[in-house]
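Residue numbers (the UniProt record's numbering): 1 to 398. Yeah, the Cβ is synthetic: ideal placement off N, Cα and C, and Gly gets one too. It should be emphasised that the depicted structure is a prediction, and the values quoted were computed from it without experimental measurement.
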Amino acid sequence: MAFYRQVGAVPPKRHTQHRDEQGQLYYEELMGEEGFSGDSSLLYHRGLPPAIVDSTVWELPDQSTTPNHPLRHRHLRLPELFPDDVVASTDVVTGRRLVLGNADVRISYVVARATSPLYRNAIGDELVYVESGAAVVETVFGPIPARQGDQVLIPRATTHRWRPTGPEPLRAYAIEASSHITPPKRYLSKFGQLLEHAPYCERDLHGPTEILTETGTDVEVLVKHRPGGKVVGTRLRYATHPFDVVGWDGCLYPITFNISDFEPITGRIHQPPPAHQAFEGTNFVVCNFVPRKVDYHPLSIPVPYYHSNVDSDEIMFYCGGNYEARKGSGIAQGSVSVHPGGYAHGPQPGAYERSIGLDYFDELAVMVDTFRPLELGEGALACEDPAYAWTWSGRGPA
């Protein structure tokens with residue numbers, strides 16, 4: 001979104017000389033989207049931004065996927081993927097385990113205490129939800145603190161690293177796009193301002209406020225990219241540190257948005273998922289389900305009606321509160337439900353009737369709806385609850 005910010009020292013006019021106290025020129029880098037036609041920022045470096053001294057293969061964790069076949073609803077217990085004895089040495093970048101993916105988006109989960117390597121995703125933007133714990137995300141634009149409930153939006157090709165802070169491990173749910181991730185177009189004016197009907201505004205978005213300066217030589221940065229459609233990794237070694245920026249300005253930079261600042265839209269009868277939308281990418285949307293007053297029609301049924309997602313897979317990450325529609329299914333904190341396009345899903349048996357008369361839901365969930373089928377990553381295969389698909393009927397397979 002076009003929300004201008006300036007941090008550190010920049011010259012009065014872009015693409016003009018900017019020098020240090022000794023008269024040495026700083027090197028200007030334009031970081032821009034859609035060629036030269038989208039949002040951009042200008043960064044001023046002490047060293048040459050493209051100066052690398054080595055390039056080798058970074059062997060990524062298992063990125064393979066398996067089709068959801070035979071087709072069925074699935075329940076994934078993500079906390080099982082990270083036993084306590086591996087968390088101390090795990091970091092948010094290299095420790096991610098792929099849960100679901102297609103050509104448009106990949107969803108991973110990680111529990112980490114270690115500081116990550118320097119990293120950038122050259123495939124697309126990342127939206128990382130902090131389920132619990134805290135961290136400082138150190139970026140080429142400066143540091144931004146991240147706390148429980150933050151959705152950290154990191155633009156494509158932003159060099160950064162995750163440094164967990166505090167006594168708790170950092171639990172993170174990473175949504176990696178093959179595109180940019182933005183607010184829905186219906187929330188924005190033609191000039192990019194968030195409008196009055198949007199469930200959040202610019203005051204809720206927090207970007208870097210100071211420069212993070214580091215020096216060094218032969219500095220390694222892990223890069224994720226996608227030649228020929230396959231996700232691969234490269235280790236680039238830079239002659240000077242990428243965090244040698246003295247200032248920048250523009251409309252492209254990382255932000256945090258806390259889910260508690262999402263203002264739910266409610267009504268007399270049940271509101272459909274688009275009322276909860278927070279972000280979108282190419283062929284997928286992200287919705288936030290937060291604690292809220294619910295339907296106030298005298299004959300309302302507050303939990304969702306049964307529905308068939310004929311055009312999309314629905315992925316729900318349950319990250320807090322009590323999710324009324326799922327009681328009795330085994331779903332709990334840290335669960336993911338996978339409801340593929342093609343047939344109906346909805347409340348568990350009894351939830352439809354129990355919801356009548358309720359006026360408040362204390363639930364917290366992040367939903368990803370995709371418009372192309374998702375496949376199962378190795379993480380999903382390792383933590384699936386095999387009984388979930390039969391919980392509506394109360395019977396197992398014949």
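Out of I123, H75, P164, the CA that lies nearest to the CA of V110 is found in P164.
Within the model, the alpha-carbon separation for H18 versus E168 is close to 43 Å.
Looking at E196, R354, V92, I301, the one whose alpha-carbon comes closest to that of L170 is V92. Here E126 is buried, its C-beta having at least 16 other C-beta atoms within 10 Å. One alpha carbon belongs to D261, the other to P373, and they sit about 31 Å apart.
Assigned with DSSP and collapsed to three states, D54 falls in strand.
Inter-residue distance for V223 and V137 is about 17 Å (C-alpha atoms, whole angstroms). Per the coordinates, the alpha-carbon of G342 lies some 9 Å from the alpha-carbon of L71. Between the alpha carbons of N258 and K327 lies a gap of roughly 26 Å. The criterion of a C-beta distance shorter than 8 Å is satisfied by Q348 and W392. E363 is not a Cβ neighbour of P264, given a cutoff of 8 Å. In the same chain as E29, and ignoring 5 residues on each side of it, the C-beta atoms closer than 8 Å to its own belong to L42, L43, Y44, H45, P49, in chain order. For a cut-off of 8 Å, the C-beta gap from D359 to V294 is around 6 Å, short enough to register as a contact. One thing to note: T65 has its Cβ within 8 Å of the Cβ of E375. In the three-state DSSP reduction, I144 falls in the strand class (E or B). Distance between L81 and L188, taken at the CA atoms: about 39 Å.
With a cut-off of 8 Å on Cβ pairs, the segment 243 to 251 is in contact with the segment 7 to 17, counting three or more such pairs. Here DSSP, grouped into helix, strand and coil, assigns Y352 to helix. For E131, no alpha helix (DSSP H) segment is defined; the enclosing uninterrupted segment is the beta strand (DSSP E) at 126 to 132.
Using a Cβ distance threshold of 8 Å, G124 and E202 do not count as a contacting pair. When DSSP states are grouped into helix, strand and coil, H276 belongs to the helix group. Per DSSP, D84 is not a residue of any beta strand (DSSP E); the alpha helix (DSSP H) it occupies stretches across 84 to 87. Taking C-beta separations shorter than 8 Å and ignoring five residues to either side along the sequence, the partners of I52 in its chain run L236, R237, Y238, A239, following chain order. Residue pairing of Q151 in beta bridges, as defined by DSSP: Y129, F257.
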